[in-house]
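This report concerns only the one structure given below.
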Amino acid sequence: MRAPEKFLSYVLLGGLLLALLVSGIGCGIFLWLHPDEIFDYRVFKAEPVDLTKLSKIILESFQGNSLQIMQLGILLLVATPIARVASCIVMFAYLKDYLYIFISILVLFILLASILLEPSLA
Amino acid sequence: MTAIEIFSILFSGSLLAGLIGALSGLGGGLIIVPLLVFGIHADIHYAIGTSLIAVIATSSGAASAYVREGFSNVRVGLLLETGTTFGAILGVIIGSHLPGSALHLAFGLVLLYSAIASLYGNGLPAFDLPPDKLATFFKLDGQYPIAKGYKAYHVQNVPLGYFIILIAGLLSGALGIGSGALKVLALDKAMKLPFKVSTTTSNFMIGVTAAASAGLYLHLGYIDPILTLPVLIGVTLGSLCGARILPRMKTDLLRKLFILLIVIIAIQMIYTGIF
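Those protein sequence lines, which keep their order, are chains P and S.
The letter at position 108 of the first sequence is residue 108 when you use my numbering, and the numbering goes up by one with no holes.
To convert a position in the second sequence, counted from 1, into my numbering, add 122.
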């Protein structure tokens, strides 16, 4: 196997394991505290704003709020495809493949733009 | 339902979703939506948010192995991602003006047609075709592992593939789906990639497309941690297993599984469009 692809595959695996670890911890704490609590999802109510704001999620998960740790796990997972594109830039830089450095940067740019802009478009 | 019950049902169903999603390049959405709607009696909004995360989990779970073993064509994936991510932004804008039911119905009918077309032959695979000018310019040709060693292939019809991928991105943004079905079809039917390269390259791409829409659905409050976490963990583990099975799986069997799955998605989409 070639070195650049090895690098890419390790970055992918590392990010994924981190997301899994945080998710597992959040899930474990939550189930330990609320095993028999009843939840009903038949009627949709949007999640509380606290669970959708990045700064709140990070701050409160470090204070040990299990729902926020779970939400942090989800955010880390969402970050894995972003890391995938970013590490492609590194891989193609190593290969001196300028066309694909440009294409990877373009994808990363559109991806970040859509994550940040879409909430205000819809 | 108690938290433990929700976790157990979703976790076990998600293992299967991840396994099948990673093998077929379709993502975990097609099993996750019915699992939430019928298994947990959750509202469809929660099902959409959760399945979007499931798509990312499938993609990331298998991507590492597929890239390492040389199945995914990273250049094809990245080139087409410019189309899916851009299409997804357009889709979000269009989706808020167009009735979702019409889009679901149209998508369902397209898939049903592709499933039928897939049953009647597939033309030549790319390794028996001459190099294509545009594909050569973008350095898209590649090789992938077979039982003994590697086999080279020449990518075809880049513009048509790119156009289908743009539509796939548009549908992802408008409907909150990974649209792996259209991606595999574009790679397999239009660009003539070997089937395992098509499913694994689609797998590489769907996570990026889904991540582009994640900001929106998180903001809309569709993503509930109690529903999403067991799915995230289950799908990821299932997908890691799927990536181990793929190299040994017969291509013919994989193709049959794929056709069966797109018929199921087509029925789901048409059903959602009508009711």
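Glycine included, each C-beta is placed from N, C-alpha and C at the ideal position.
Could you work out which residue in the options is closest to residue i when comparing CA atoms only?
i	options	result
M123/S	L12/P, Y10/P, Y41/P	Y41/P
P352/S	F133/S, A125/S, Q390/S	F133/S
T180/S	Y10/P, P35/P, S114/P, L20/P	L20/P
F260/S	V189/S, P281/S, F229/S, I396/S	P281/S
I105/P	F92/P, S55/P, Q71/P, I115/P	F92/P
S114/P	E203/S, T258/S, A224/S, L233/S	E203/S
V198/S	P156/S, M391/S, S324/S	S324/S
P81/P	A332/S, K318/S, G360/S	A332/S
I345/S	K96/P, V49/P, L99/P, G24/P	V49/P
I348/S	V78/P, S23/P, S87/P	S23/P
S194/S	L234/S, V306/S, I381/S, L379/S	V306/S
F129/S	P252/S, L234/S, V232/S, L354/S	L354/S
F285/S	L304/S, A224/S, F380/S, A239/S	L304/S
A312/S	A239/S, A125/S, Y266/S	A239/S
S61/P	A86/P, I25/P, L95/P	I25/P
D374/S	G364/S, F317/S, I384/S	F317/S
L225/S	G192/S, A296/S, L137/S	A296/S
H219/S	L121/P, I101/P, L99/P, L116/P	L121/P
Run through DSSP, which three-state label would residue i get?
i	result
Q278/S	coil
T124/S	strand
I348/S	helix
G147/S	coil
I162/S	coil
I386/S	helix
G264/S	strand
K6/P	helix
Y272/S	strand
Residue i touches chain B at which residues, Cβ-Cβ below 8 Å?
i	result
D50/P	The chain inventory of the structure shown lacks chain B, comprising the protein chains P and S.
(message) Under 8 Å: do the segment 170-186 of chain S and the segment 212-222 of chain S share three or more Cβ pairs, one atom per stretch?
(response) no
(request) Could you please tell me which residues of the segment 341-355 of chain S, in chain order, have their CB closer than 8 Å to any CB of chain P? (result) Those would be H341, L342, G343, Y344, I345, D346, P347, I348, L349, T350, L351, P352, L354, I355, in chain order.
(request) Taking 8 Å as the threshold, find out whether the segment 129-146 of chain S comes into contact with the segment 40-54 of chain P through three or more Cβ pairs. (result) no
(request) Only counting runs of 4 or more residues, tell me where the alpha helix (DSSP H) segments fall wholly within the segment 278-342 of chain S, in order along the chain. (result) 280-297, 302-307, 317-341
(request) Using a Cβ-Cβ cut-off of less than 7 Å, give me the residues of the segment 55-74 of chain P that come near chain S, in sequence order. (result) L67, M70, Q71, G73, I74
(request) Decide if the segment 332-344 of chain S is in contact with the segment 165-175 of chain S; the criterion is three or more beta carbon pairs, one per stretch, under 8 Å apart. (result) Short answer: they touch.
(message) Just to confirm the assignment: which complete alpha helix (DSSP H) runs, minimum length 4, are found wholly within the segment 202-256 of chain S?
(response) 222-241
(request) Could you list the residues in the segment 252-280 of chain S with a C-beta less than 8 Å from some C-beta on chain P, going in chain order? (result) Within the segment 252-280 of chain S, the qualifying residues are F260, K261.
(request) Tell me, please, whether the segment 28-35 of chain P touches the segment 65-82 of chain P by the rule of three or more beta-carbon pairs shorter than 8 Å. (result) yes
(message) When you compare the segment 3-20 of chain P with the segment 73-88 of chain P, are there three or more beta-carbon pairs, one atom per stretch, that lie closer than 8 Å?
(response) yes
(request) Check whether the segment 268-287 of chain S touches the segment 250-260 of chain S, taking contact to mean three or more Cβ pairs, one atom from each stretch, closer than 8 Å. (result) Yes, since at least three Cβ pairs between the segment 268-287 of chain S and the segment 250-260 of chain S fall closer than 8 Å, the two stretches touch.
(request) Evaluate the contact criterion for the segment 221-234 of chain S versus the segment 388-397 of chain S: three or more CB pairs, one atom per stretch, below 8 Å. (result) When C-beta atoms of the segment 221-234 of chain S are compared with those of the segment 388-397 of chain S, three or more pairs fall below 8 Å, so the two segments count as touching.
(request) Identify each residue in the segment 206-227 of chain S for which the Cβ-Cβ distance to at least one residue of chain P is less than 7 Å, and report them in chain order. (result) T207, F208, A210, I211, V214, I215, S218
(message) By the 9 Å beta-carbon criterion, what residues does the segment 134-165 of chain S contribute toward chain P?
(response) So the list reads L158, I162, H163, A164, D165, given in the order they occur along the chain.
(message) Can you pull out the residues from the segment 5-21 of chain P whose beta carbon lies closer than 8 Å to at least one beta carbon of chain S?
(response) E5, K6, L8, S9, Y10, L12, L13, G15, L16, A19, L20
(message) Short of 7 Å Cβ to Cβ, which residues in the segment 301-326 of chain S face chain P?
(response) Listed in sequence order: no entries.
(request) Mind checking the segment 171-183 of chain S against chain P and listing, in chain order, the residues whose C-beta falls within less than 7 Å of any C-beta there? (result) I175, I178, A179, S181, S182, G183
(request) With a floor of 4 residues, list each alpha helix (DSSP H) that falls wholly inside the segment 16-81 of chain P, ordered by position along the chain. (result) 54-62
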